[in-house]
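*Asks:*
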Amino acid sequence: MAKKIPEEDLKGIEEILKAHPDGVDLKFISAGIGDSVPHRTLQYRLRYLAEQGRVVTEGQRRGMKYLPASAAVSTATEAEALSLSRAARNIQQNVSRPLLSRKIVGYSRDFLDCYRPNESAYLSEVERIRLREIGAVQTGFQPAGTYARNILDRLLIDLSWNSSRLEGNTYSILDTKRLIAFGKEAQGKDRVEAQMILNHKDAIEFLVDNADEIGFNRFTIRNLHGVLANNLLPDPRAAGRLRQIEVEIGKSAFRPLAVPQLIEECFNQILDTASAILDPFEQSLFVMVHLPYLQPFEDVNKRVSRLAANIPLIKANLVPLTFADVPKDIYVQATLGVYELNKVELLRDIYLWAYKRSAERYVAVRQSLGEPDPFRLKHRNALRKVIGTIVKDQFDRAAAFKYLETWAADNLEDEEREQFIRVAEDEILALHEGNFARYQVRPSEFTEWRKVWERKH
Numbered sequence: 347m348a349k350k351i352p353e354e355d356l357k358g359i360e361e362i363l364k365a366h367p368d369g370v371d372l373k374f375i376s377a378g379i380g381d382s383v384p385h386r387t388l389q390y391r392l393r394y395l396a397e398q399g400r401v402v403t404e405g406q407r408r409g410m411k412y413l414p415a416s417a418a419v420s421t422a423t424e425a426e427a428l429s430l431s432r433a434a435r436n437i438q439q440n441v442s443r444p445l446l447s448r449k450i451v452g453y454s455r456d457f458l459d460c461y462r463p464n465e466s467a468y469l470s471e472v473e474r475i476r477l478r479e480i481g482a483v484q485t486g487f488q489p490a491g492t493y494a495r496n497i498l499d500r501l502l503i504d505l506s507w508n509s510s511r512l513e514g515n516t517y518s519i520l521d522t523k524r525l526i527a528f529g530k531e532a533q534g535k536d537r538v539e540a541q542m543i544l545n546h547k548d549a550i551e552f553l554v555d556n557a558d559e560i561g562f563n564r565f566t567i568r569n570l571h572g573v574l575a576n577n578l579l580p581d582p583r584a585a586g587r588l589r590q591i592e593v594e595i596g597k598s599a600f601r602p603l604a605v606p607q608l609i610e611e612c613f614n615q616i617l618d619t620a621s622a623i624l625d626p627f628e629q630s631l632f633v634m635v636h637l638p639y640l641q642p643f644e645d646v647n648k649r650v651s652r653l654a655a656n657i658p659l660i661k662a663n664l665v666p667l668t669f670a671d672v673p674k675d676i677y678v679q680a681t682l683g684v685y686e687l688n689k690v691e692l693l694r695d696i697y698l699w700a701y702k703r704s705a706e707r708y709v710a711v712r713q714s715l716g717e718p719d720p721f722r723l724k725h726r727n728a729l730r731k732v733i734g735t736i737v738k739d740q741f742d743r744a745a746a747f748k749y750l751e752t753w754a755a756d757n758l759e760d761e762e763r764e765q766f767i768r769v770a771e772d773e774i775l776a777l778h779e780g781n782f783a784r785y786q787v788r789p790s791e792f793t794e795w796r797k798v799w800e801r802k803h
């Protein structure tokens, strides 16, 4: 008879998972409960919790993550919040069946061939009109990328974090902001996660800086992959190179195309088709459907599709699609619906909801005036002092963050330090030539500091 596992040991594991609802791996759990429990014992306990429905697993083997049981319940709740259509719910039901009961399928060239630009449409005319209404932010003619440049600091954080989160990245939004703005890696996180986020930052800057030249062409998409995959693939030469090897999709009955010549043909056809589509939203959703389905690269295909979906939006000065609040599990189901069923309704519903969500956030930021912040009022002199020092002493991003941490530790009570640092960070990132005088900084000091601050990091 197997020895009964002490309930307190099981609850200890569950507490770790509840504190990290997006999921953690075996190594993280092991570190959380201490080295006294052997890995085999821990694996046995996790397997027992999963069998009892107290833990949810995601991924396979070394890539497996463990989530609290509440994650399974939240997926159903999130589906209701998204107001999914009946067709979308049918896709969910199909791809949620056990893998062994789902039919193994290969790549269907007909799925791509049957799409006719400006005749076929994944989005209805009513949906496209509505998207343009909620996404329009400019009046009159503006050069391509103008709006994206105006909101670049926020876009870098929002899109980098949400796209990485959909890949299982465990950085918080605050961790992401500090990594992008100050080069500060989060403690206890894998370096791969930081690399993924920084690659997103570089890729977004690539699209915005080259808004006049980017498009659905080989140069843009291959270089977009090259940036997103930088330092993340076993073979560095695979970054930006079309796939020469077979790949598999975890937890899917879909088997991607394996012949390199056909991969290249379909890749070119996807780009030609996307380029011919006139509506920016239809273009956007089309590449979200077909780039991951083809799997033209060895890895990082979904990330490429999410950023490529923003190309027509950036060029047309529309609100970007940041994937804010998109539930990861439902997004995975939507991609499986394309892979295994060639059905786009679930991904379309997510796209419509996600774009509205993104637009609401950016409109709210534009329109919000807000009441004076009591915390800022209380610490206005301290904020003026530390930010003035950062500018006058020509601190770069890393030095600025270290100075903020040191100053807060030396001058503030424990309960106020973290909030003070966050507020100071926001103030620094919002500095421009029209507001620096309030920190008692001279124009020449501000100009020289900006040169240091804007250096690539």
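Per the numbering used here, residue 347 is the first one in the sequence shown, and the count goes up by one each step. Backbone N, C-alpha and C fix where the C-beta goes; we use that ideal spot for every residue, glycine too.
Roughly how many whole angstroms lie between the Cα atoms of residue 716 and residue 371?
*Replies:* As a working mapping, residue 716 is identified with position 370 in the sequence shown. As a working mapping, residue 371 is identified with position 25 in the sequence shown. For residue 716, the predicted model reports a pLDDT of 47, less than 50, meaning its position is unreliable and no value from the coordinates is stated.
*Asks:* What is the DSSP secondary structure of residue 685, counted as helix, strand or coil?
*Replies:* Against the sequence shown, residue 685 aligns to sequence position 339. Looking at residue 685 - three-state DSSP - the assignment turns out to be helix.
*Asks:* Restricting to runs no shorter than 4 residues, where is the alpha helix (DSSP H) found entirely within the region 661-710?
*Replies:* As far as the region 661-710 is concerned, its whole alpha helix (DSSP H) runs of at least 4 residues are 674-687.
*Asks:* Once DSSP output is grouped into helix, strand and coil, what is the label at residue 720?
*Replies:* Here residue 720 refers to the residue found at position 374 of the sequence shown. The answer is helix: DSSP assigns residue 720 an H, G or I state.
*Asks:* Going by other Cβ atoms of all chains shown within 10 Å of its Cβ, with 16 needed for buried, is residue 636 buried or exposed?
*Replies:* Position 290 of the sequence shown, counted from the start, is the residue given in the question as residue 636. Residue 636 comes out buried.
*Asks:* Would you mind working out which of 777, 628, 543 sits nearest residue 476, comparing C-alpha positions?
*Replies:* Taking the first residue of the sequence shown as position 1, residue 476 is located at position 130. When each option's Cα is compared against that of residue 476, the closest is 628.
*Asks:* How would you label residue 625, buried or exposed, when you count the other beta carbons within 10 angstroms and need 16 or more for buried?
*Replies:* As a first step, residue 625 must be located in the sequence shown, where it is residue number 279. Result: buried.
*Asks:* With contact counted as at least three CB pairs below 8 Å, one residue from each stretch, are the region 563-570 and the region 769-782 in contact?
*Replies:* Segments in contact, no.
*Asks:* Given that a residue counts as buried once 16 or more other Cβ atoms are within 10 Å of its Cβ, and exposed if not, what is residue 583?
*Replies:* Sequence index remark: in the sequence shown, residue 583 carries index 237 (1-based). Exposed, by the Cβ-count rule.
*Asks:* Out of 398, 478, 615, which has the shortest C-alpha to C-alpha gap to residue 462?
*Replies:* On the sequence shown, position 116 is the one that residue 462 refers to. When each option's Cα is compared against that of residue 462, the closest is 615.
*Asks:* Between the alpha carbons of residue 633 and residue 651, how many angstroms are there, rounded?
*Replies:* As a working mapping, residue 633 is identified with position 287 in the sequence shown. As a working mapping, residue 651 is identified with position 305 in the sequence shown. Each residue's alpha carbon lies about 6 Å from the other.
*Asks:* Which residue wins for smallest C-alpha separation from residue 487, given the options 661, 743, 795?
*Replies:* Working through the sequence shown from its first residue, we reach residue 487 at position 141. For the residues 661, 743, 795, the minimum Cα distance to residue 487 belongs to 661.
*Asks:* In this structure, how does DSSP classify residue 601 when only helix, strand and coil are distinguished?
*Replies:* As a working mapping, residue 601 is identified with position 255 in the sequence shown. Residue 601: strand per DSSP, three-state reduction.
*Asks:* Taking the straight line between their C-alpha atoms, what separation do you get for residue 731 and residue 496?
*Replies:* For the purposes of this step, residue 731 is taken as the residue at position 385 of the sequence shown. For the purposes of this step, residue 496 is taken as the residue at position 150 of the sequence shown. Looking at the two C-alpha atoms, the distance is approximately 28 Å.
*Asks:* Quick one: residues in its chain with C-beta nearer than 7 Å to the C-beta of residue 608, no 5 flanking neighbours on either side, listed in chain order?
*Replies:* Taking the first residue of the sequence shown as 1, we reach residue 608 at position 262. Contacts found: none.
*Asks:* What are the residues that DSSP puts in a beta bridge with residue 414?
*Replies:* Within the sequence shown, the letter at position 68 stands for residue 414. Answer by DSSP bridge pairing, in chain order: 401.
*Asks:* Suppose you measure from the CA of residue 752 to the CA of residue 698; what does that come to, to the nearest Å?
*Replies:* Locating residue 752 in the sequence shown gives position 406, counting from the first residue. Locating residue 698 in the sequence shown gives position 352, counting from the first residue. Cα-Cα distance, rounded: 45 Å.
*Asks:* Quick one: is residue 354 buried, meaning 16 or more other Cβ sit within 10 Å of its Cβ, or exposed?
*Replies:* Your numbering for residue 354 matches position 8 in the sequence shown. With fewer than 16 Cβ atoms within 10 Å of its Cβ, residue 354 is classed as exposed.
*Asks:* May I have a chain-ordered list of the alpha helix (DSSP H) segments no shorter than 4 residues that lie completely inside the region 423-475?
*Replies:* List check, alpha helix (DSSP H) in window: 432-441, 455-459.
*Asks:* Quick one: using the 10 Å Cβ neighbour count with 16 as the cut-off for buried, is residue 419 buried or exposed?
*Replies:* Start at 1 with the first residue of the sequence shown, and residue 419 comes out as number 73. Because residue 419 carries a pLDDT of 48, less than 50, the predicted location of this residue cannot be relied on, and no value is offered for it.
*Asks:* Can you tell me the Cα-Cα spacing of residue 446 and residue 396, whole angstroms?
*Replies:* Within the sequence shown, numbered from 1, the residue matching residue 446 stands at position 100. Within the sequence shown, numbered from 1, the residue matching residue 396 stands at position 50. C-alpha separation (whole angstroms): 19 Å.
*Asks:* By Cβ distance, which residues of its chain are closer than 7 Å to residue 599, with the 5 residues on each side in sequence left out?
*Replies:* For the purposes of this step, residue 599 is taken as residue 253 along the sequence shown, with counting starting at 1. So the list reads 445, 448, 449, 450, 451, 686, once near-sequence residues are dropped.
*Asks:* Starting from residue 749 and walking both ways along the alpha helix (DSSP H), at which residues does that stretch end?
*Replies:* Position 403 of the sequence shown holds residue 749. Residues 743-757.
*Asks:* Starting from residue 516 and walking both ways along the alpha helix (DSSP H), at which residues does that stretch end?
*Replies:* For the purposes of this step, residue 516 is taken as residue 170 along the sequence shown, with counting starting at 1. Taken as a continuous stretch (DSSP letters only), residue 516 belongs to no alpha helix (DSSP H), as it is neither H nor E.
*Asks:* In chain order, what residues of the same chain lie with their CB nearer than 8 Å to the CB of residue 623, ignoring the 5 residues before and after it?
*Replies:* Here residue 623 corresponds to residue number 277 of the sequence shown, with the count starting at 1. Taken in chain order, the residues that qualify are 463, 464, 629, 632.
*Asks:* With a threshold of 16 other CB atoms inside 10 Å of the CB of residue 700, please say whether the residue is buried or exposed.
*Replies:* Numbered from 1 along the sequence shown, position 354 holds the residue referred to as residue 700. Residue 700 comes out buried.
*Asks:* Can you give me the start and stop residues for the alpha helix (DSSP H) that residue 376 sits inside?
*Replies:* Within the sequence shown, numbered from 1, the residue matching residue 376 stands at position 30. Here the alpha helix (DSSP H) through residue 376 covers 372-379.
*Asks:* The alpha helix (DSSP H) spanning residue 775 covers which residue range?
*Replies:* Position 429 of the sequence shown holds residue 775. Residue 775 -> alpha helix (DSSP H) spans 760-775.
*Asks:* Drop a sphere of 10 angstroms on the beta-carbon of residue 739, count the other beta-carbons inside from all chains shown, and report buried for 16 or more, exposed for fewer.
*Replies:* Here residue 739 refers to the residue found at position 393 when the sequence shown is read from its first residue. Per the 10 Å Cβ criterion, exposed.
*Asks:* I need the straight-line Cα distance from residue 641 to residue 518, nearest angstrom please.
*Replies:* Locating residue 641 in the sequence shown gives position 295, counting from the first residue. Locating residue 518 in the sequence shown gives position 172, counting from the first residue. Residue 641 and residue 518: Cα-Cα distance of roughly 28 Å.
*Asks:* If you reduce the DSSP assignment to three classes, tell me which class residue 783 lands in.
*Replies:* As a position in the sequence shown, residue 783 is number 437, starting the count at 1. Helix.
*Asks:* Roughly how many angstroms lie between the CA atoms of residue 793 and residue 360, to the nearest whole one?
*Replies:* What you label residue 793 is simply residue 447 of the sequence shown in a count that begins at 1. What you label residue 360 is simply residue 14 of the sequence shown in a count that begins at 1. Taking the straight line from one Cα to the other gives about 52 Å.
*Asks:* Residue 555 lies in the alpha helix (DSSP H); which residues open and close that run?
*Replies:* For the purposes of this step, residue 555 is identified with residue 209 of the sequence shown, where counting begins at 1. Start and end: 537-555.
*Asks:* Can you give the Cα-Cα distance for residue 468 and residue 691, rounded to whole angstroms?
*Replies:* Start at 1 with the first residue of the sequence shown, and residue 468 comes out as number 122. Start at 1 with the first residue of the sequence shown, and residue 691 comes out as number 345. Approximately 8 Å between the Cα atoms of the pair.
*Asks:* How would you write the range of the alpha helix (DSSP H) that residue 790 sits in, first residue to last?
*Replies:* Along the sequence shown, one-based indexing puts residue 790 at 444. Per DSSP, residue 790 belongs to the alpha helix (DSSP H) from 789-799.
*Asks:* With 16 as the cutoff for other CB atoms within 10 Å, does residue 571 come out buried or exposed?
*Replies:* Start at 1 with the first residue of the sequence shown, and residue 571 comes out as number 225. That one is buried.
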